[in-house]
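The sequence shown lines up with residues 1 to 139 when you count with UniProt numbering. We treat Cβ as the ideally placed atom computed from N, Cα and C, and that holds for glycine. It should be emphasised that the depicted structure is a prediction, and the values quoted were computed from it without experimental measurement. Below you'll find the structure, written out as structure tokens, and then a few comments.
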Amino acid sequence: MAGKRTFTMIKPDAVEAGNVGAILEQITASGFRIVALKMTQMTTADAEEFYAVHNERPFFGELVEFMTRGPIVSAVLEKDNAVEDFRALIGATNPEDAAEGTIRKKYAKSVGENAVHGSDSDENARIEAAFHFSGREMF
Ligand code: IDP
């Protein structure tokens, strides 16, 4: 059965551009309930661990640099079929390929600076939420 929770980050590009409010509004208007929320800045070690699955990829250094250059807003979201529905809401990794109206189509600048993260499985949603939030910060 599909899980009810997913994890997201509003990435440094979207925070810098002042799009936090608009993105959270689109998320909640799309039926997701925010059950955890905070602004933080990842350290290099944080970003290297969070994105460890990509550490052999040519863009890894660029990705770590980008994700640590300023604050992010991280959140845990609740909805039936949360992971799949949230991936649909954010759109394809590359905003050029993202569907009209998706968050990445509206707010992302490039395949690297693509405004938001969304977990790609229920297991990763649990791991990523626990990476960013303690039990006392999730409701
Ligand atoms: P996803 O975020 O849509 O799941 P992944 O392939 O898991 O996409 O990539 C993780 C993140 O790495 C992307 O969201 C993006 O920020 C960055 N990234 C992916 N591909 C590239 C690339 O070709 N160049 C630069 N950054 C990339």
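Next item on the list: Could you check what DSSP says for Ala75 in three-state terms: helix, strand or coil?
Entry: Strand, per DSSP.
Notebook entry, point to check: Do the stretch 13-33 and the stretch 125-133 make contact, defined as three or more Cβ pairs closer than 8 angstroms?
Noted result: no
Checklist line | Residues near Lys31 by beta carbon distance below 6 angstroms, same chain, minus five either side | finding: For the sequence presented, residue 31 should be read as Gly rather than Lys. Here the set comprises Lys79.
Note to self: Output needed for Val111: all residues of its chain with C-beta closer than 7 angstroms, excluding positions within five of it in sequence on either side, in chain order.
What the structure shows: Hits under 7 angstroms: Thr93 and Asn94.
Notebook entry, point to check: Phe59: beta carbon under 7 angstroms from a heavy atom of the ligand IDP?
Noted result: yes
Notebook entry, point to check: Hey, is Leu63 close to the ligand IDP, as in C-beta under 7 angstroms from one of its heavy atoms?
Noted result: yes
Checklist line | Best match in Ala52, Val64 and Ala29 for proximity to Thr44 [C-alpha to C-alpha] | finding: Val64
Check: If you draw a straight line from the C-alpha of Ser74 to the C-alpha of Ala129, how long is it?
Finding: Those two C-alpha atoms are separated by around 9 angstroms.
Next item on the list: Please specify which runs of the alpha helix (DSSP H), each continuous and at least 4 residues long, are wholly inside the stretch 24-86, giving them in chain order.
Entry: 44-50 and 60-67
Checklist line | Secondary structure of Val116, DSSP reduced to three states | finding: strand
Check: Counting along the chain, where does the alpha helix (DSSP H) carrying Asp133 start and finish?
Finding: In the sequence under discussion, the amino acid at residue 133 is Phe, which differs from the Asp named in the question. Run containing Phe133: none; DSSP gives neither H nor E here.
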